[in-house]
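2 protein chains.
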Amino acid sequence: MSGVRRNERAHGSTAEAPREAESASFDSDLDRHARELRHARRVTFDEPMRLMRGGSLPSVTVVYETYGKLNARRDNGVLICHAISGDSHVARHDANDDPGWWDLFVGPGKPVDTDRYFVVCPNILGGCRGSTGPNSVNPRTGRPYAADFPVITVEDIVDVQRKLVTHLGIDRLRAVIGGSLGGHMTLTWATRYPERLDGAVALATSAHLSSQSLAFDVVGRNAILCDPEYQGGQYYGNGAGPRVGLAIARMLGHITYLSPEVMTEKFAEERSEPREIRSRFETTFCVGSYLAHQGDKFGERFDANSYLTLSMAMDLFDLGSTPGKLAAALRASRCRWLVISYSSDWLFPPAQSREIVDALVAENKPVSYCNVESRNGHDAFLLPNDLGTYGELTRAFLANLGADARGAADPNSDQESPQAARHSPTSIFHARHRLDYERIAQLIPPAAAVLDLGCGSGGLLCRLADRQQGRLAGLELDERAVVSCVQRGLDVVQHDLNQGLAPFADRQFDFVVLSQTLQTVLDVERVIDEMLRVGKRCIVSFPNLGYEPHRVQLAEYGLAPRVDAARAFEWYNTPNVRFLTIADFEEFCRNKGLRIHERIALDTVAGQPVEHDPNRNANVAIIVLSQ
Amino acid sequence: MSGVRRNERAHGSTAEAPREAESASFDSDLDRHARELRHARRVTFDEPMRLMRGGSLPSVTVVYETYGKLNARRDNGVLICHAISGDSHVARHDANDDPGWWDLFVGPGKPVDTDRYFVVCPNILGGCRGSTGPNSVNPRTGRPYAADFPVITVEDIVDVQRKLVTHLGIDRLRAVIGGSLGGHMTLTWATRYPERLDGAVALATSAHLSSQSLAFDVVGRNAILCDPEYQGGQYYGNGAGPRVGLAIARMLGHITYLSPEVMTEKFAEERSEPREIRSRFETTFCVGSYLAHQGDKFGERFDANSYLTLSMAMDLFDLGSTPGKLAAALRASRCRWLVISYSSDWLFPPAQSREIVDALVAENKPVSYCNVESRNGHDAFLLPNDLGTYGELTRAFLANLGADARGAADPNSDQESPQAARHSPTSIFHARHRLDYERIAQLIPPAAAVLDLGCGSGGLLCRLADRQQGRLAGLELDERAVVSCVQRGLDVVQHDLNQGLAPFADRQFDFVVLSQTLQTVLDVERVIDEMLRVGKRCIVSFPNLGYEPHRVQLAEYGLAPRVDAARAFEWYNTPNVRFLTIADFEEFCRNKGLRIHERIALDTVAGQPVEHDPNRNANVAIIVLSQ
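Going down the list, the protein sequences come from chains A and B.
For what it's worth, the working numbering labels the leading residue of the first sequence as 1, then goes sequentially.
For what it's worth, the working numbering labels the leading residue of the second sequence as 628, then goes sequentially.
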């Protein structure tokens, strides 16, 4: 604890005198804002800090807020990492408090439940809401760092967060959670300090900015740097600073945070009827008055040097530019992962989250992924619209971390059985009793690693998990089914099987299962080829068009057979798009030179296996095959 | 011709003395550029021009270039409308000439074939490449207009183009062609001067900018207007002008012209290895050096006041903000339409082209539409990558305009038969002899208006067109098939039937046909409901699963029937996803309370109609039904 000075307003046990000189030495709106953070605490680490890009800082102050209580085992800590313009005030502390920037996500009974978790949210290094940043006084000169503030990276930001977490007496966090730039911090925690967290929740983020997103940052920085009021960064106490440039950058930001659909919704109808505001900027159009307002407002609350510093930190972040490099970087991680993207986010597009997920998958890391169907663009992770999905995913993911998850790796420390911690699915996707699941489970030896393609709400995987299986993973297209899987503590990646299994390595799993899904897949050959590549053995189950009642339906009644077990669908609305008999599938295997190891035929109507003439007497077939 | 002064360098027949004072009165790079347009001609209309937004101009000068020869009938004129930063030099005039901005599209043997057409490309009003714009001298003051240049609209730009076209002795243009802002001009020509053109080709454009695209323009203008060097617009002869602001605007433009995929391709690999350039702007990243270069370069060749003027004209353009208003605006048009969008264009997204197409469709206007599958973003319409599609579409569309097309509306003036002008399809999509086409054609009385859903390369529509049918239109998903249809002179809209038929009005067509497509549609019920809404009568043909050989295949051999006529597909790769018998379809109709007017059953193997037990003996059914 040497070299640490604290201002612990609430805990107070080891509090020293406040050290507020840093940001009080010049009069600015920013400092006023910082002081309004009534529940914020401050700690100063009075030792020099070397930075990744070569510079150093003589000391570092962190302003942070906490919520909930650290438990006796000190293992319920959750770190929230804010995005570029955020601060420590992630949520209200009480009903009278100012709103936090993520109130809907963090609080009592919220997805990050402060009744269960001890939540820590620091203002990040380089920021302007109390923690050390360009507007802080450089102790070496007695004046604000301004443009002399060194280049910092996301690693530096995380290193400061780690000092804070250690200072708070937390050896291992239950989870690190962050969106956007905060997601970069989450990725960095998991790879740089893998022993310090059980779970990583990365929302609306990427392993590096896309070229397009980087380009917007460059334009924003150019606008600030070329604003004559920037004065080489030495504008403190010397005019209002580069308000125009900062506003231009912020306007761009706001365009990129919204989806085009939402922009149309907000502004198209009143296209030429701007809100009445006073601004130096153009207000001819409705969207223009919105941008003018956002640009003006940002200049009042945010420091341009901080913006430059943090946007550059974000742009320099690059966990790995190729799948191989990214996988190598993620190899170090030891936590479980929850990665969430939003379908209409074009600043951090879903494909970039998929890159992270694919690399984790390739490294056999436990990961769940959902691309939330959303119309709210990058902002979606801060908005209520899609909270039912991303909030519930986060809540369920957190509930399955910690003691129980560690127990899976270390059975001796396991206090409860893993399935007790697994939440029951609440969705309608809970699978009915499935005779074929029982038979498939019997085909898979204990300890085998299993990938279930089209795993639904996880019926088969749960059955396998009950037996202390090896690594289990599922792929599923339906968003609600993905939520159900995560609620049950399973690792599931949202994925369309028609896109193949590219992220998986050859023979990565002992078994790959495709149960009752083949008939819904358009590109059958590709899916079969891919599962044979990824699995040492493959298990395929499908409804058999050759079942006698189906033959009778067509031959005698002249009607299309209804092959779905529940006969719930008609020819014109069935999810099935492929119709095959056992004989068709065996011919397909023969033509492709595949080895069939086992054939199981079931009559699920009679509830029994079929021995005689399965292509006529079975309505479901289970085939075990390999290349 | 009163009030017109010309400088006809080549034609020269009625040439007067050049009047170059306007743009030579101040020394600027822009003027130097304008003078480098060696083949450009100039004409001045010396009468006051009233503008849409209330201002006026005492006279208007137009700099333009022409290619090819106006024929004796003066009916082969094609007007090219350039985009915001373009000029009159659309193409080379000879091998020694500077490259034009659309060389790949305009020239001898090119899609806009200057051996066939007399091509005219004027620099637009408000531009800075010779035509009257903010950098022209205001005759009233003897000084450049600068910020006093009035607000102009796309209508004003088109009015000036019309003066030029009239001046050139062209009463009716074969076509007006433009992309982006040039597309706005095309739309304006077709609706404002419908009697002046046979065809309109609108590429990568919209009826109005999206809120997102408008927002980028606003930010760009703010950057220029807030640049201290802008000096209220009076910067001519007074410094370099708002080079920073203009560069910021241009950088934004370049981001929006490229697709995110192309940006990644160009810049991701060398992310932190910028090109070595000298610039005042940030060059830390590769994409930054590109933007810096583009920003710097643009300031050397383009006038900021022109940029402000033209971007505002673009933003003010609004042909109709709702489907109803847009349809009302397009109601006036009398031309045939070709609308082309590019799948990865996010500045003028395909959905906006669809709005235009849907409004035209609702108004029964002859329109073809293709959303070119492209990775090149908005720039695609200027690039060679997708020329095979958009170039061929334009070439074929132009070839089917003019004398022939007018002949279709006025049979007495028809010199050749319409089908002679219809190009033969070169693609593999030319339909095989189809017995069902013959029977369907027999069911449709002459003069009936017909919509063919899933029209392929137009086999049925061509057959109907040969009979002097009423309005014919096709919908087709496949891009190559769409090209084939346009080559055959048909009106075809690229469309996925699963999205319904929303743009069409109730009972808009006498007949809606769905031939051999039902079985490939996932949402059968929606498609049937929609076609029954749009057509007074509907004709559905489909392969019959109840055909005896199919029954035998399943009942006796235990194999899935192969219902496609050519038996070219297996169960695992057939395009068919719905399998039904005639009995299934009739039950479906009964349950929905639909009226079946006629049933035709065919055995296309035997090549004959089926009378007895069609559900067993026919492999193809044709059903005529209505609500």
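Even for Gly, the Cβ is constructed at its ideal location relative to N, Cα and C.
Beta-bridge pairing of residue i - partner residues as DSSP gives them
| i | result |
| --- | --- |
| L624/B | Nothing about residue 624/B can be reported from this structure: the residues present for chain B run from 628 to 1254 only. |
| T581/A | Beta-bridge pairing links T581/A to no other residue. |
| A827/B | V803/B, W964/B |
| V1292/B | Outside the modelled stretch of chain B, which goes from 628 to 1254, sits residue 1292/B, for which no answer is possible. |
| A447/A | Bridge partners of A447/A: none, in fact. |
| F511/A | V450/A, R537/A |
| N617/A | DSSP output for N617/A lists no bridge partner at all. |
| S626/A | R595/A |
| V733/B | V739/B |
| E272/A | The sequence shown places Ser at residue 272/A, not Glu. BP columns for S272/A are empty, so no partner. |
| T66/A | V120/A |
| P609/A | L602/A |
| S588/B | With chain B covering 628 to 1254 only, the question about residue 588/B has no answer from this structure. |
Which of helix, strand or coil DSSP assigns to residue i
| i | result |
| --- | --- |
| K297/A | helix |
| I1227/B | strand |
| Y857/B | helix |
| Y676/B | The sequence shown places Met at residue 676/B, not Tyr. If DSSP states are grouped into helix, strand and coil, M676/B belongs with the strands. |
| S1168/B | strand |
| D740/B | strand |
| E476/A | strand |
| Q494/A | strand |
| L657/B | Here L657/B scores only 40 on pLDDT, less than 50, and its place in the model is too uncertain to base an answer on. |
| L209/A | coil |
| F894/B | helix |
| S1111/B | helix |
| R590/A | helix |
| H1057/B | For H1057/B, the predicted structure reports a pLDDT of 32, less than 50, and the residue's modelled location is therefore unreliable. A value from the coordinates is still provided. Correct three-state label for H1057/B: coil. |
| P1176/B | helix |
| H720/B | coil |
| Y307/A | helix |
| Q1146/B | helix |
| P194/A | helix |
| N222/A | helix |
| V244/A | helix |
| V764/B | strand |
Given 8 angstroms, three or more beta-carbon pairs between the region 524 to 538 of chain A and the region 567 to 574 of chain A: Touching, no, given that fewer than three Cβ pairs across the two stretches are closer than 8 angstroms.
Give the residues from the region 1182 to 1209 of chain B that approach chain A closer than 7 angstroms (Cβ to any Cβ), ordered along the chain. Within the region 1182 to 1209 of chain B, the residues whose Cβ lies closer than 7 angstroms to any Cβ of chain A are, in chain order, A1182, G1185, L1186, A1187, W1198, Y1199, N1200, V1204, R1205, F1206, L1207, T1208.
To be precise: take each residue of the region 281 to 311 of chain A, compare its Cβ to all Cβ atoms of chain B, and keep it if any distance is under 7 angstroms. Which residues remain? Sequence-ordered contacts of the region 281 to 311 of chain A with chain B read F281, E282, F285, V287, G288, L291 [C-beta pairs closer than 7 angstroms].
Can you list, in chain order, the residues of the region 363 to 395 of chain A whose Cβ is nearer than 9 angstroms to any Cβ on chain B? Cβ contacts with chain B come from no residue of the region 363 to 395 of chain A.
In chain order, what are the residue ranges of uninterrupted beta strand (DSSP E) at least 3 long that sit wholly in the region 316 to 392 of chain A? For secondary structure counted as the beta strand (DSSP E) over 3 or more consecutive residues, the region 316 to 392 of chain A holds these complete runs in sequence order: 336 to 342, 367 to 372.
Say whether the region 269 to 276 of chain A touches the region 209 to 219 of chain A, bearing in mind that this needs 3 or more beta-carbon pairs closer than 8 angstroms, one atom from each stretch. They do not touch, by the three-pair rule.
Below 8 angstroms, how does it come out for the region 1005 to 1014 of chain B and the region 1101 to 1120 of chain B: are there three or more Cβ pairs, yes or no? No: fewer than three Cβ pairs fall under 8 angstroms.
Please identify, using Cβ separations under 7 angstroms, the residues of the region 1130 to 1153 of chain B that lie next to chain A, in order along the chain. With the criterion set as a beta carbon lying under 7 angstroms from some beta carbon of chain A, the members of the region 1130 to 1153 of chain B are V1151, E1152, in sequence order.
Against chain B: residues of the region 36 to 58 of chain A by CB proximity under 9 angstroms: Legend: CB atoms of the region 36 to 58 of chain A lying less than 9 angstroms from CB atoms of chain B are not found in any residue.
Which of the residues in the region 869 to 889 of chain B, read from start to end, lie with their CB under 7 angstroms from any CB of chain A? Within the region 869 to 889 of chain B, the residues whose Cβ lies closer than 7 angstroms to some Cβ of chain A are V871, I875, M878, L879, I882, P887, listed in chain order.
According to a CB-to-CB cut-off of less than 8 angstroms, which residues of the region 843 to 873 of chain B neighbour chain A? For the region 843 to 873 of chain B, the residues whose beta carbon sits under 8 angstroms from a beta carbon of chain A are, in order, F843, V845, V846, R848, N849, A850, L852, C853, P855, V871.
Mind listing, in chain order, the continuous alpha helix (DSSP H) runs of no fewer than 4 residues lying wholly within the region 767 to 803 of chain B? For the region 767 to 803 of chain B, whole alpha helix (DSSP H) runs of length 4 or above, ordered along the chain, are 781 to 794.
Pairing CB atoms from the region 49 to 63 of chain A with CB atoms from the region 172 to 181 of chain A, are three or more of them under 8 angstroms? As far as the Cβ criterion goes, the region 49 to 63 of chain A does not touch the region 172 to 181 of chain A, which means the pair count is below three.
Would you list, in chain order, the members of the region 970 to 992 of chain B that have their beta-carbon closer than 8 angstroms to a beta-carbon of chain A? Cβ contacts with chain A come from W973, P976.
Interface positions of the region 1228 to 1249 of chain B facing chain A (Cβ-Cβ less than 8 angstroms), listed along the chain: Answer in chain order: N1242, R1243.
Closer than 7 angstroms, Cβ to any Cβ of chain A: which residues of the region 1163 to 1176 of chain B, in chain order? Within the region 1163 to 1176 of chain B, the qualifying residues are L1172, G1173.
Does the region 926 to 937 of chain B come close enough to the region 911 to 918 of chain B to have 3 or more Cβ pairs within less than 8 angstroms? No, because fewer than three Cβ pairs between the region 926 to 937 of chain B and the region 911 to 918 of chain B fall closer than 8 angstroms, the two stretches do not touch.
When you check each C-beta in the region 193 to 219 of chain A against every C-beta of chain B, which residues fall closer than 8 angstroms? The residues in question are H208, S210, S211, Q212, L214, A215, F216, V218, V219.
With a threshold of 8 angstroms, are at least 3 pairs of Cβ atoms found where one atom belongs to the region 198 to 211 of chain A and the other to the region 86 to 104 of chain A? Because the criterion of three Cβ pairs below 8 angstroms is not met, the region 198 to 211 of chain A and the region 86 to 104 of chain A do not touch.
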